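A.B. asks: Protein chains in written order, with this note's numbering: chain A, 8 to 691; chain B, 8 to 691.
Ideal Cβ placement from N, Cα and C applies to all residues, glycine included.
What you are looking at is a predicted structure, and each value in this text was computed from that prediction instead of being measured.
Quick one: the structure is below, questions incoming.
2 protein chains.
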Amino acid sequence: MSKLTDVPKRILIGRALRSDKLGETLLPKRIALPVFASDPLSSVAYAPGEVLLVLSIAGVSAYHFSPWIAVAVVVLMFTVVASYRQNVRAYPSGGGDYEVANTNLGPKAGLTVASALLVDYVLTVAVSISSGVENLGSAIPFVVEHKTLCAVGAIVLLTLMNLRGVKESGKLFAIPTYLFVAGVFAMLVWGVFRSVVLGDTMHAPTSDYEIKPEHQGLAGFALVFLLLRAFSSGCAALTGVEAISNGVPAFRKPKSKNAATTLAAMGLLAVTMFCGIIGLAMVTDVKMAENPAKDLIHNGSPVGEGFVQDPVISQVAAAVFGDGTFFFVLLAAATALVLFLAANTAYNGFPLLGSILAQDRYLPRQLHTRGDRLAFSNGIVLLAGAAILLVWIYGADSTRLIQLYIVGVFVSFTLSQTGMVRHWNRHLRTEQDPARRRHMIRSRAINTFGAFFTGLVLVVVLATKFTHGAWVALLGMVIFFGTMTAIRRHYDRVAEEIAAPDEPSGDDTIRPSRVHSIVLVSKLHRPTLRALAYAKLVRSDQLEALSISVDAAETKALREDWERRGIDIPLKILDSPYREVTRPVIDYVKALRKDRPRDVISVYIPEYVVGHWYEHLLHNQSALRLKGRLLFTPGVMVTSVPYQLESSEAAKLRARRRAEWTAPGSVRRGPVERRHKEPHHHKS
Amino acid sequence: MSKLTDVPKRILIGRALRSDKLGETLLPKRIALPVFASDPLSSVAYAPGEVLLVLSIAGVSAYHFSPWIAVAVVVLMFTVVASYRQNVRAYPSGGGDYEVANTNLGPKAGLTVASALLVDYVLTVAVSISSGVENLGSAIPFVVEHKTLCAVGAIVLLTLMNLRGVKESGKLFAIPTYLFVAGVFAMLVWGVFRSVVLGDTMHAPTSDYEIKPEHQGLAGFALVFLLLRAFSSGCAALTGVEAISNGVPAFRKPKSKNAATTLAAMGLLAVTMFCGIIGLAMVTDVKMAENPAKDLIHNGSPVGEGFVQDPVISQVAAAVFGDGTFFFVLLAAATALVLFLAANTAYNGFPLLGSILAQDRYLPRQLHTRGDRLAFSNGIVLLAGAAILLVWIYGADSTRLIQLYIVGVFVSFTLSQTGMVRHWNRHLRTEQDPARRRHMIRSRAINTFGAFFTGLVLVVVLATKFTHGAWVALLGMVIFFGTMTAIRRHYDRVAEEIAAPDEPSGDDTIRPSRVHSIVLVSKLHRPTLRALAYAKLVRSDQLEALSISVDAAETKALREDWERRGIDIPLKILDSPYREVTRPVIDYVKALRKDRPRDVISVYIPEYVVGHWYEHLLHNQSALRLKGRLLFTPGVMVTSVPYQLESSEAAKLRARRRAEWTAPGSVRRGPVERRHKEPHHHKS
């Protein structure tokens, strides 16, 4: 795996980057496409199958509706792509759906989109990995026999890779994605060639199977409902389309234009592959049943529990290339790989969205820091845990997981497009230039249609899939929404509590007048001497040393040493029969404050700085505890005077290494650019 | 469970105790006996059986040697008791074997004893619980059928009780222990009465079983070796005798005399019960086999795997009282209860010994603080974990666990007695008073005999039991010894590194001359204003505020607010394109130090103090990280200026409650008294 820095003619941004940040270079379109499109393109591996599967409920005759459903999906895809081309032009900062909804529809809409996206990231991992395992399983039976285990294993592996901080690279994405696209197109071309030119009749492995319809002879409303459900399932092909709108800053200039072009290319590829696979599935007589064990009939009897229903893409490949041939295995491998890459995108998107939410105080502040390893790790582990849970519960069955998937996507599509309509309305109020106005009116029309269409699909998805699992996704969204609202409320309450009063009086309590400094002393060693020296340097009104006597002999030795060295700071000794350190100090500080409420007590604590975690266990524990307690005492400040032991060098190096770590996902995030909260001034 | 404070006429020690420490009152002998003797007395529940078990290897005929072995155990018991009566007189401070060995034989011997005792505590839990489960099992078959599970459950229960901090109370100990002693004596008296006066022939459940000897007709060296092995097993009756020597401070005055009397009473009770049970076992024809499944013959065939060999005490009780009678069940329950209490003593002894070892820097310093809950908990969990491991590995089989048990006890007996001989030698060198000299010479004679005899037993135990499991105990000792040596070495190395130079020059680095104070500012809220006010109060040579700009708009707002309020401290703003906080600050501080190496940089960090753990996650994370990094930077001190939010009240209360927690085991530890490292001045 080579880094993107190897890509020639890389353009470095603004100020010189340190070597450890060099990975963040700009993406040419040919690399940007695979980086952002592995998720939406990979969904053609499962979306066509889902359509056939739902239609099979009404029997094989209903398969005739599949071209119409494909057309509907294509129209929707073009609508969504056209809409998002407006988004990337209007919001080149890469805020994505969350930013669009937040800015134009208000915080509640923004938070709803954010919750939907977070749920979606979890489902992207669960669905992509499950589907990847199923595709790999069509070539390697072992994998599909231990489906759940393999899926969980793959998630764990991805998680470990991301935790270790594998650098994302454009090439890493490009090769499998282009391999997958090339493979699918080769299959389509070869299939059409065999069928039309050579006149071969190709047979999918399930071509001589029959399907027992669950509901024979559906008509009227029931049939429409079934078709809508099939269409909803087909919409799985649209997941991940919005990814590019988050990644505009990673594109080369002109960023927005390049992003829009890439979006169009991606849409075109996706619909071609989607329609092609459905078409070949029809030609090769693929049969998919919702409950294959009892509804798939072979030689007059159901196939039973042991039967494994391979994905449509692999059945078509078996028909076109021949089962087990080199090209068949290659396509299966490429499909699995691109699906794993799609899952990996969630690992990059989840923390990125987290950092944006943290900036708006919906998540802990520390997530805001870019490349904060700890925050990143927490996000990754949360994502992986949720995905593993889902995979486990649903037995890594992509069909059942997809029922949950599409809700979140369309919630964010709809809200984002509605937000865009508002965006154009607002700009039209002030824009005078007729050419620009025309442009805006056109964009508004596109987004309005997009909002309407995706909203309609959302209603259809909710109506047809709620009981099939969509409620789980909604529940997840409600949980995220509730948690983030609570966090925001906490921050707001604290902000209110600590807001400075407006008159420039300064402090809220009694104005402090004097500083009484106390240096905690246990022995007269270098750390103590340093603390004493430093404390003397800052001229406080009163300075004394304080020692807690837990052992008479040690205390006596300390007192003698003190006098022998002629230290000109008074030494106060407090008795502690229970060998406690914390309580006597706290009591003493409180007594001082009671006597002179306007005194500020400044406590100096000499601390050893050590290098290894096990050394931490051996030092500073009582100092840490004391510090913890002192911080609860009003009118006190606590100063750590560190003394670096030799072993601390090791820890220093480690800390530096940690600081220089870069979070995965930096390729798609592009170079750093200040994100503006109100990007109204951007012109499309 | 009532506290010991209910015992009338309690004597409060020295200074008035706070209410939360009132539990620590002094023990009258009648309470001290059960508190300290539950461990040694309970061992008569398993020791007699072990003797018979080993003898059975040579066939039932070898049972005739059992009275001789009992005599040897009695002689040993008297020797040990007599020896420890010298210990408690010479060391009324309660340091126990570790202190005696450490003071008189040097740190290596002391550490050996400490390692042996730590291993012993683990084994006390494992053996007592296993034996308790076996005794309970003689009345309740379910328990013995799920032996390991029940034993682990009992350990977990004890652990949870101790972690929660159940207050030890004298009565809690007194009732089961006296019940047990009374029950055993009732059994002995009633058994002798039935046999001698009524002339009944009593039959143990196994009286009509036969034993197939593993080695028929042993003679010569082999027989002697077997007898020695049986004797070694019988020595299990002596475990726990040393406990009183740790607990002298808990006794009423005259402490040493009362402790010595209690020791004698305990010894007398133990040997009577031990001999009585062996005697009745002979009378009632109890049969014990090492491998009952194949060596115990009933009606001509081995009893097989399903057979459960009940402990001798319960077989005798069945013979004397009748199986399943009220008295039988009562005695079984009392036996189990007293064994669980014996296990509980380890939970008290382990952290106590830990705190003494911590004082000598063999364990982390924080263990030294009495009643330190965290340290206590860690000790408890370590003890429980090790005991559960042993119980699991050995299937809660007390017979197999006892093989490991006795080594540690006799290591500490032998080293302690040897230490006492040295102690008297040293005192005899300076003592002039003839009466005292006579007394000392007598004491020395007793300890010399004790050292010799226990040393001999140690050799016997090692020789006869090494391959049977004693090596595991030795390995445990080596691990403890190694770990503690390493910790001590670390502390010594650090102590050397930080030792102050002898000339009163003061500091080791360039003598600091000025203080440059930096207040970190993110926003102008109350915490910041407080930090600014405090920083101004301590008059440093230079004072500035520093803000890291991660968002242009926020920075602008801060600058405006700063000017509007007319704050007379210069505000410096550093850019951070990666939204990092730590690195720019560190770099800035380093640059300052480079320019003026004699400057000390004082960094003030405003911190929120919040009340709940989840609030911690939301605040101060970057401050904490920054602080961590700053401590590695030389010439820096870091001051936390806390701002207590309203929610911090909750945490304050919680912290106070934690501080007022008293560790279990305080009854046996007695009131606080300064422990002197060199107690040579104590006269016996």
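Determine, for ALA44/A, whether the minimum Cβ-Cβ distance to residues of chain B falls below 9 Å.
C.D. replies: So, not an interface residue.
A.B. asks: Please list the residues of the stretch 514 to 547 of chain B that have a C-beta atom closer than 7 Å to any C-beta atom in chain A, keeping them in chain order.
C.D. replies: From the stretch 514 to 547 of chain B, only ASP514, ASP515, PRO519, VAL522, LEU531, HIS532, ARG533, PRO534, LEU536, ARG537, ALA540, TYR541, LEU544, VAL545, ARG546 and SER547 have a Cβ closer than 7 Å to chain A.
A.B. asks: By DSSP, does ARG259/B sit in helix, in strand, or in coil?
C.D. replies: Residue state, collapsed to three classes: coil.
A.B. asks: On a Cα-Cα basis, can you pick out the residue from SER524/B, GLU653/B and LYS543/B that is closest to VAL7/B?
C.D. replies: As shown, chain B starts at 8 and ends at 691. That puts residue 7/B outside it, with no answer to give.
A.B. asks: So, are the CB atoms of TYR401/B and ASP127/B less than 9 Å apart?
C.D. replies: No.
A.B. asks: Under 9 Å between C-beta atoms, does GLY30/B make it to chain A?
C.D. replies: Per-residue confidence for GLY30/B stands at a pLDDT of 41, beneath the threshold of 50, marking its modelled position as unreliable; no derived number is given.
A.B. asks: Measure from the alpha carbon of ALA365/B to the alpha carbon of each residue in ALA350/B, PHE383/B, TYR354/B and ALA349/B, then state which is nearest.
C.D. replies: The option with the nearest alpha carbon to ALA365/B is PHE383/B.
A.B. asks: Out of THR455/B, SER63/B and LEU531/B, which one is the CA nearest neighbour of GLN93/B?
C.D. replies: Closest by alpha carbon: THR455/B.
A.B. asks: Below 9 Å between beta carbons: does that hold for VAL51/B and ILE304/B?
C.D. replies: Contact: no.
A.B. asks: Does the distance from the CB of LEU469/B to the CB of ASN351/B come in under 9 Å?
C.D. replies: For LEU469/B and ASN351/B, no; Cβs fall outside 9 Å.
A.B. asks: Measuring only between beta-carbons, confirm whether PHE507/A sits less than 9 Å from chain B.
C.D. replies: Note that residue 507/A corresponds to Ala in the displayed sequence, not to Phe. It does: the Cβ of ALA507/A has a partner Cβ on chain B nearer than 9 Å.
A.B. asks: Quick check: the Cα distance between GLY224/B and ALA65/B, rounded to an integer number of angstroms?
C.D. replies: Rounded to the nearest angstrom, the two C-alpha atoms are 7 Å apart.
A.B. asks: What residues in its chain sit with their C-beta under 8 Å from that of THR268/B, if we drop five residues either side in the sequence?
C.D. replies: Excluding positions up to five away in sequence, the list reads LYS36.
A.B. asks: At a CB-CB cut-off below 8 Å, which residues of chain B make contact with TYR615/A?
C.D. replies: The contacting residues are VAL501 and ILE505.
A.B. asks: Is HIS688/A helix, strand or coil by DSSP?
C.D. replies: Any reading at HIS688/A is ruled out, since the residue's pLDDT is 40, under 50, leaving its predicted position unreliable.
A.B. asks: Go ahead and pull the three-state DSSP assignment for VAL607/B.
C.D. replies: Of the three classes helix, strand and coil, the one that applies to VAL607/B here is strand, per DSSP.
A.B. asks: Using a Cβ-Cβ cut-off of 7 Å (strictly less than) and excluding sequence neighbours within five positions of PHE281/B, which residues of its own chain qualify?
C.D. replies: So the list reads VAL51, ALA54, PRO55, ALA77, VAL80 and ALA244, once near-sequence residues are dropped.
A.B. asks: How many whole angstroms separate the CB atoms of MET273/B and LEU40/B, which I take to be in contact at a CB cut-off of 8 Å?
C.D. replies: Right, the Cβ-Cβ distance comes to about 6 Å (below 8 Å), so this counts as a contact.
A.B. asks: By the 8 Å beta-carbon criterion, what residues does the stretch 402 to 426 of chain A contribute toward chain B?
C.D. replies: Residues: none.
A.B. asks: What would DSSP say about LEU553/B, mapped onto helix, strand or coil?
C.D. replies: Of the three classes helix, strand and coil, the one that applies to LEU553/B here is strand, per DSSP.
A.B. asks: Establish whether the CB of PHE149/A and some CB of chain B are separated by less than 9 Å.
C.D. replies: No - not a single Cβ of chain B is within 9 Å of the one on PHE149/A.
A.B. asks: Are the Cβ atoms of LEU125/A and LEU360/A separated by less than 9 Å?
C.D. replies: Contact: yes.
A.B. asks: Using 9 Å as the threshold, is the C-beta distance between PHE328/B and LEU338/B below it?
C.D. replies: Yes, they are a contact pair.
A.B. asks: So, helix, strand or coil for GLN223/A, using DSSP?
C.D. replies: Three-state result, GLN223/A: coil.
A.B. asks: So, with DSSP's three-state summary, where would you put MET427/A?
C.D. replies: Three-state result, MET427/A: helix.
A.B. asks: Please state whether DSSP places MET644/A in a helix, a strand or coil.
C.D. replies: The answer is strand: DSSP assigns MET644/A an E or B state.
A.B. asks: Give the residues of chain A in contact with GLU551/B, contact being defined as C-beta atoms less than 8 Å apart.
C.D. replies: Result: empty, since nearest Cβ-Cβ is about 15 Å, beyond 8 Å.
A.B. asks: Between which two residues does the alpha helix (DSSP H) containing LYS698/A stretch?
C.D. replies: Residue coverage of chain A in this structure runs from 8 to 691, which leaves residue 698/A outside it and unanswerable.
A.B. asks: Which residues of chain A have a Cβ atom closer than 8 Å to the Cβ of ALA658/B, listed in chain order?
C.D. replies: The answer, in chain order, is PHE639.
A.B. asks: Where does the unbroken beta strand (DSSP E) through ILE525/B begin, and where does it stop?
C.D. replies: Per DSSP, ILE525/B belongs to the beta strand (DSSP E) from 521 to 527.
A.B. asks: Would you list the residues sitting across from GLY615/A in a DSSP beta bridge?
C.D. replies: The question names Gly, yet the displayed sequence has Tyr at residue 615/A. In the DSSP output, where bridge partners are listed per residue, TYR615/A has TYR650/A.
A.B. asks: Find the residues of chain A that neighbour TYR650/B, judging by a C-beta separation of less than 8 Å, and give them in chain order.
C.D. replies: Going along chain A in sequence order, the residues near TYR650/B (Cβ under 8 Å) are ILE505.
A.B. asks: Would SER202/B pass as an interface residue toward chain A - the criterion being a Cβ-Cβ separation below 9 Å?
C.D. replies: Cβ-Cβ to chain A under 9 Å: no for SER202/B.
A.B. asks: Report the neighbours of SER609/B on chain A: residues whose CB is nearer than 7 Å to its CB, in chain order.
C.D. replies: Simply VAL545.
A.B. asks: Skipping 5 residues on each side, what residues in its chain have a beta carbon closer than 7 Å to that of ALA353/B?
C.D. replies: Answer for ALA353/B: TYR128, THR131, VAL132 and LEU390, listed in chain order.
A.B. asks: So which residues of chain A does VAL643/B contact, with C-beta pairs closer than 8 Å?
C.D. replies: Going along chain A in sequence order, the residues near VAL643/B (Cβ under 8 Å) are PRO649.
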